[in-house]
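Report on the structure given below.
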Amino acid sequence: MSDPTLTRGGAPASLIASGPWTAAQSVSLERLAAALPTIDAQRKNVVIDLSRVEHLDTLGAWLLERVIRRYQLQDLKPTLVGVPERFRGLLEKIHDVNRRPPVLQPERNRLAVGLEHIGRATAGLYTDFGYFLAMLGAIGASLGGAVLRPRSLRATSTVYHLYRVGWQAVPIIFLITFLIGGIIAQQGIFHFRKFGADAYVVDMVGILVLREIGVLIVSIMVAGRSGSAYTAELGSMKMREEIDALRTMGRDPVSILVLPRVIALVCALPILTFLGSMAALYGGGLVAWFYGGMSPDIFIARLREAVSVTHFEVGIIKAPFMALVIGTVACSEGFRVKGSAESLGLQTTTSVVKSIFLVIVLDGLFAIFFASIGM
Amino acid sequence: MPDPSQTPAISVRNLTVGFGEKNVLDGLSLDVRRGEILGLVGASGGGKSVLLRTIIGLIPPRQGRIAVMGTETDYGDTAAMQDIGRHWGILFQQGALFSSLTVQQNVQFPMRENLEISPTLLDELATAKLEMVGLSPDDGNKFPSELSGGMTKRAALARALALDPEIVFLDEPTSGLDPISASDFDALISTLQQTLGLTVFMVTHDLDSLNTVCDRVAALSDGKIVEVGPIEQLIGSQHPWVRSYFHNARARTRATPSH
Chain B
51 MSDPTLTRGG
61 APASLIASGP
71 WTAAQSVSLE
81 RLAAALPTID
91 AQRKNVVIDL
101 SRVEHLDTLG
111 AWLLERVIRR
121 YQLQDLKPTL
131 VGVPERFRGL
141 LEKIHDVNRR
151 PPVLQPERNR
161 LAVGLEHIGR
171 ATAGLYTDFG
181 YFLAMLGAIG
191 ASLGGAVLRP
201 RSLRATSTVY
211 HLYRVGWQAV
221 PIIFLITFLI
231 GGIIAQQGIF
241 HFRKFGADAY
251 VVDMVGILVL
261 REIGVLIVSI
271 MVAGRSGSAY
281 TAELGSMKMR
291 EEIDALRTMG
301 RDPVSILVLP
311 RVIALVCALP
321 ILTFLGSMAA
331 LYGGGLVAWF
341 YGGMSPDIFI
351 ARLREAVSVT
361 HFEVGIIKAP
371 FMALVIGTVA
381 CSEGFRVKGS
391 AESLGLQTTT
401 SVVKSIFLVI
411 VLDGLFAIFF
421 ASIGM
Chain S
67 MPDPSQTPAI
77 SVRNLTVGFG
87 EKNVLDGLSL
97 DVRRGEILGL
107 VGASGGGKSV
117 LLRTIIGLIP
127 PRQGRIAVMG
137 TETDYGDTAA
147 MQDIGRHWGI
157 LFQQGALFSS
167 LTVQQNVQFP
177 MRENLEISPT
187 LLDELATAKL
197 EMVGLSPDDG
207 NKFPSELSGG
217 MTKRAALARA
227 LALDPEIVFL
237 DEPTSGLDPI
247 SASDFDALIS
257 TLQQTLGLTV
267 FMVTHDLDSL
277 NTVCDRVAAL
287 SDGKIVEVGP
297 IEQLIGSQHP
307 WVRSYFHNAR
317 ARTRATPSH
């Protein structure tokens, strides 16, 4: 295919366009339209002959229009001649577009933009906290309703979610906590051995796992595994207007969608924490046996001396609160999803990051609390 | 070799498409002539969208041949399909606009991917396309979630036209629009078809669209095209399904006022 051209014709102020004026030739066409042949300003009428143009599409038509408008800016009167019939409609259509000058966004000071960003993010913390509290309140209200009228609780849904976030999570929780318990024991033995205190590794593993690590690891795992799923599910329901549909039927989305999920999480997390702690102790025991040379009998005997029910209680009491935080954050972020796929991703990420952060902060607060009451 | 301008825009021969045990399309043949607006009607779930999706290569056929602009399609050959894909633009039923891009960026996306164009020209062309489908340049800065149903269809049409395709597939273009917007949209399709010389393949249930814009109508029933021709021919058809489609109560009440 030949190249498109725009050349001077025989007459003084005439131009001849030829070749294919289509998007496939965009590079050479743009160059043509940029480097216009200069026309003597004395001559008012510029004639552009299109009879030799083979093909014309929107891109070509727009560039022709651009040529015409540039000549008009130079106080010339360009006219098209020899326009093939099949191009006429397109050229007329294109003649009307892009008439309004584009609205330019004013260039803004970078420092101001940065400061505004920080300001908005700080103010956003308050609204975030507000959403969290609102969701917590809504959950509390619908829990109250469920207590007053137990039949209004969605039992099937609750059991189904319990199965998903509890039972189905058991294998991965077992695996991760088992490995973490083993790693803690190995590190303890390795370093304690230097000053002959390797027997105390049992105390360390026992207390650490039961009080802190067990519940923390399990909460973080559940936030990543089930919290993200909650946010994504509720978010896509929001996107597809399912939640609005529920509302118009006079049903409260919180008691139908959120409450079963949160109850399931609150029930599942203590169980998972217990299982996880046991798996971690088991892992620690195995490592102490094979790596530290401490027989299981001795490990169990020492463990009995080292830990008391209090340590176990401290860990397990925290679990339902962690679950409540994870569930509340996950559901409130899910309801904040807007129309786009991007917002779904953003809100899911926010949900996981925020719930892991809050779980750790809550753990710190509990540590202060238990220390002050002497547990 | 036959004159390329005489071959049909789309030629489907003996097409069989199925899922599992069932064949949705069973030995279907259909020609779409160049420069015409063909409307496809059929029962809900009768395979209209399956036919459309098979032609554009989203569903592999079990049997049969499809030629687009005289070129036989080979769905295994990705590069060849991309070349053929340059010939067509598709307006999906829900618009299928990319939700993380603005309308303007949506329209620019195919151009940016396929053509070498400067950013200024890209902006101007996108605005031109938006104005051609009746949107204002300000709408270009909106995100798809901020658009009304009619604006979504228009924006999606602008994206379908981004590469100046020869064939445009429309999947229920007027569904979900009020009658005024629907007839505006029909008029728009008709104008664009004339100005750009498009071939339009339209799946529709809208009897008004069939009456006003379609040059020919094809009726799909039991996996085959049972009747194809101008709307008058279909209204007069003796095929039982086609008869009931055009002569049920809704069709009659809608047809009466225009007489």
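Just so you know, the sequences run in chain order B and S.
The first sequence begins at 51 in the numbering used here and counts up by one.
The second sequence begins at 67 in the numbering used here and counts up by one.
Built from N, CA and C at the ideal position, the CB exists for glycine as well.
Note that the structure is predicted; figures quoted are calculated from it, not measured.
Given 7 Å as the limit, tell me if residue i has its C-beta closer than that to any heavy atom belonging to the ligand MG.
i	result
B/V402	For the ligand MG, the structure offers nothing, since it holds no ligand at all.
Measure the C-alpha to C-alpha separation of residue i and residue j and round it to an integer number of angstroms.
i	j	result
S/E179	B/A184	45 Å
B/S286	B/P200	29 Å
B/V337	B/P346	10 Å
B/I427	B/A188	A query on residue 427 of chain B cannot be resolved here, the shown segment of chain B reaching from 51 to 425 and no further.
B/A318	B/S269	11 Å
B/W112	B/I144	6 Å
B/R243	B/G365	28 Å
B/A171	B/S192	31 Å
S/G41	S/G86	Outside the displayed range of chain S (67 to 325) lies residue 41 of chain S, so it cannot be described from this structure.
B/M328	B/L394	36 Å
S/W154	S/H313	34 Å
S/T265	S/C280	11 Å
S/S241	S/H271	8 Å
S/L254	B/C381	44 Å
B/A295	S/R225	31 Å
S/T186	B/E392	27 Å
B/G421	B/T208	First, the residue type needs correcting, since residue 421 of chain B is Ala and not Gly in the sequence shown. Approximately 35 Å, taken between the alpha carbons.
B/V133	B/I98	9 Å
S/V165	S/N172	Here residue 165 of chain S is Ser; the residue named in the question, Val, does not match the sequence. Distance between the alpha carbons of S/S165 and S/N172 is about 9 Å.
Please confirm if residue i has its CB atom under 8 Å from at least one CB of chain S.
i	result
B/G389	yes
B/R81	no
B/W71	no
B/T108	yes
B/P54	no
B/R150	yes
B/E392	yes
Would you say residue i faces chain B, with C-beta separation under 8 Å as the test?
i	result
S/E179	no
S/M198	yes
S/K195	yes
S/G113	no
S/P185	no
S/S77	no
S/S166	yes
S/L286	no
S/E182	yes
S/P203	yes
Can you pull the chain S residues whose beta carbon is under 7 Å from the beta carbon of residue i, in chain order?
i	result
B/W112	E190, L191 and A194
B/I6	Residue 6 of chain B lies beyond the residue range present for chain B, which begins at 51 and ends at 425; the question has no answer from this structure.
B/S286	Here the premise fails: no neighbours, minimum Cβ distance about 12 Å.
B/R102	Simply none; closest approach about 19 Å.
B/S76	L181, E182 and I183
How would you list, in chain order, the residues of chain B whose beta-carbon sits under 9 Å from the beta-carbon of residue i?
i	result
S/G263	R136, G139 and L140
Along chain S, in chain order, which residues have C-beta atoms closer than 9 Å to that of residue i?
i	result
B/V403	Residues of chain S passing the Cβ test: none, with the nearest at roughly 20 Å.
B/R119	Near B/R119 there are no residues of chain S at all, since even the closest Cβ is about 11 Å away, more than 9 Å.
B/V133	Going along chain S, no residue has its Cβ under 9 Å from B/V133, so there is no contact; the nearest lies around 13 Å.
For a contact meaning CB atoms closer than 7 Å, what does residue i contact in chain B?
i	result
S/L243	None at all; the shortest Cβ gap to chain B is about 18 Å.
Find the residues of chain B that neighbour residue i, judging by a C-beta separation of less than 8 Å, and give them in chain order.
i	result
S/Q260	G139
Mind pulling the chain S residues with CB within less than 8 Å of residue i?
i	result
B/V147	T193, A194, E197 and M198
Checklist entry - Quick one: complete beta strand (DSSP E) runs, 3+ long, within the stretch 70-111 of chain B? => result 95-106
Item to check | Near-chain S residues of the stretch 351-371 of chain B - C-beta to any C-beta below 9 Å | outcome: Close to chain S, meaning a Cβ-Cβ distance shorter than 9 Å, is no residue of the stretch 351-371 of chain B at all.
Next on the checklist: For the stretch 210-243 of chain S, list every residue whose C-beta sits within 8 Å of some C-beta in chain B, in sequence order.
Outcome noted: P210, S211, E212, L227, L229 and D230
Item to check | Secondary structure, beta strand (DSSP E): runs of 3+ residues fully inside the stretch 157-244 of chain S | outcome: List check, beta strand (DSSP E) in window: 233-237.
Item to check | 3-residue-minimum beta strand (DSSP E) runs that sit fully inside the stretch 289-337 of chain B, ordered along the chain | outcome: As summarised for the stretch 289-337 of chain B, there are no continuous beta strand (DSSP E) elements at least 3 residues long confined to that stretch.
Checklist entry - Where in the stretch 244-271 of chain S do unbroken runs of the beta strand (DSSP E), each at least 3 residues long, occur, reported from the N-terminal end onward? => result 265-269
Checklist entry - Which full runs of the alpha helix (DSSP H) of 4+ residues lie inside the stretch 343-406 of chain B, going along the chain? => result 346-356 and 359-385
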